[in-house]
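Trainee: To start, I am sharing the structure in question, which I have written as structure tokens.
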Amino acid sequence: MMEEVARVIGSDNQGWLTVEVELKSTCKNCSSSESCGTSAVAQAFSAKTQQFSIQSERACDVGEMLKLGLPESVILKAAALVYVVPLLGLFVGALLGQFLATFVELNSDLLAIVFAMLGTAIAWLFGKAKAKQLEGESQPVILAYLGKTITVENQ
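Put into structure tokens, the structure is as follows:
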């Protein structure tokens, strides 16, 4: 289970919480971050956040921290839909173009390239739609209620 800490930013009286999760970049964590160009670009942009609603068993105050969990299978399925399906579309489109070129008497390479691009685009759109559907169906679960963050005032 993949875990992430979220902050409650709103709640209603029907058990729904609006939470905010900070999306982190791994570029800031390796030992080469001082001399890496990618790390410099990642540090130049501020951290992004994602907000969504989640069902809760108990009431939470704004500012309370939660530990959320999402099964790895959801992430793997989404990655396969977004990366593997378009690759399969590329190969199937190229083979279909190569096959059709024998009947149409056109340049087989040209037709294979055109059908490969079409196959990739169609498969990418299909994978993207299915990944969005998977995202809507998969809901993170609350693993722990962590309480409010501690703030220290300098006086």
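Under the working numbering, residues 1 to 155 are what the sequence shown spells out, in order.
Cβ atoms here follow ideal geometry from the backbone N, Cα and C, with glycine treated the same way.
Given that a residue counts as buried once 16 or more other Cβ atoms are within 10 Å of its Cβ, and exposed if not, what is A112?
Mentor: Within the sequence shown, residue 112 is the residue found at index 112, counting from 1. Result: buried.
Trainee: Could you give the uninterrupted runs of the beta strand (DSSP E) lying entirely in the region 70 to 143, keeping only those of 3 residues or more?
Mentor: Qualifying beta strand (DSSP E) stretches: none in this window.
Trainee: In the DSSP assignment, what are the bridge partners of R7?
Mentor: Residue 7 sits at position 7 when you count from the first residue of the sequence shown. In DSSP, R7 forms a bridge with E20 and M65.
Trainee: On a CA-only basis, which of K48, N107, E105 and L17 is nearest L23? Give me that one, please.
Mentor: One-based indexing of the sequence shown puts residue 23 at position 23. Answer by Cα proximity: K48.
Trainee: What are the boundary residues of the beta strand (DSSP E) that Q55 is part of?
Mentor: Start at 1 with the first residue of the sequence shown, and residue 55 comes out as number 55. Per DSSP, Q55 belongs to the beta strand (DSSP E) from K48 to Q55.
Trainee: Identify which residue in I142, W16 and A131 has its Cα closest to the Cα of V74.
Mentor: Position 74 of the sequence shown holds residue 74. Of the listed residues, the one whose Cα sits closest to V74 is A131.
Trainee: So which of E20, K67 and M1 has the shortest CA-CA distance to Y145?
Mentor: Here residue 145 corresponds to residue number 145 of the sequence shown, with the count starting at 1. It is K67.
Trainee: Could you compute how far the alpha carbon of F103 sits from the alpha carbon of L96?
Mentor: For the purposes of this step, residue 103 is identified with residue 103 of the sequence shown, where counting begins at 1. For the purposes of this step, residue 96 is identified with residue 96 of the sequence shown, where counting begins at 1. About 11 Å.
Trainee: Within the same chain, show all residues whose beta-carbon is closer than 7 Å to that of G127, passing over the 5 residues directly before and after it, in chain order.
Mentor: As a working mapping, residue 127 is identified with position 127 in the sequence shown. Excluding residues within five positions, the ones whose Cβ falls inside 7 Å are L81, V82, V85 and P86.
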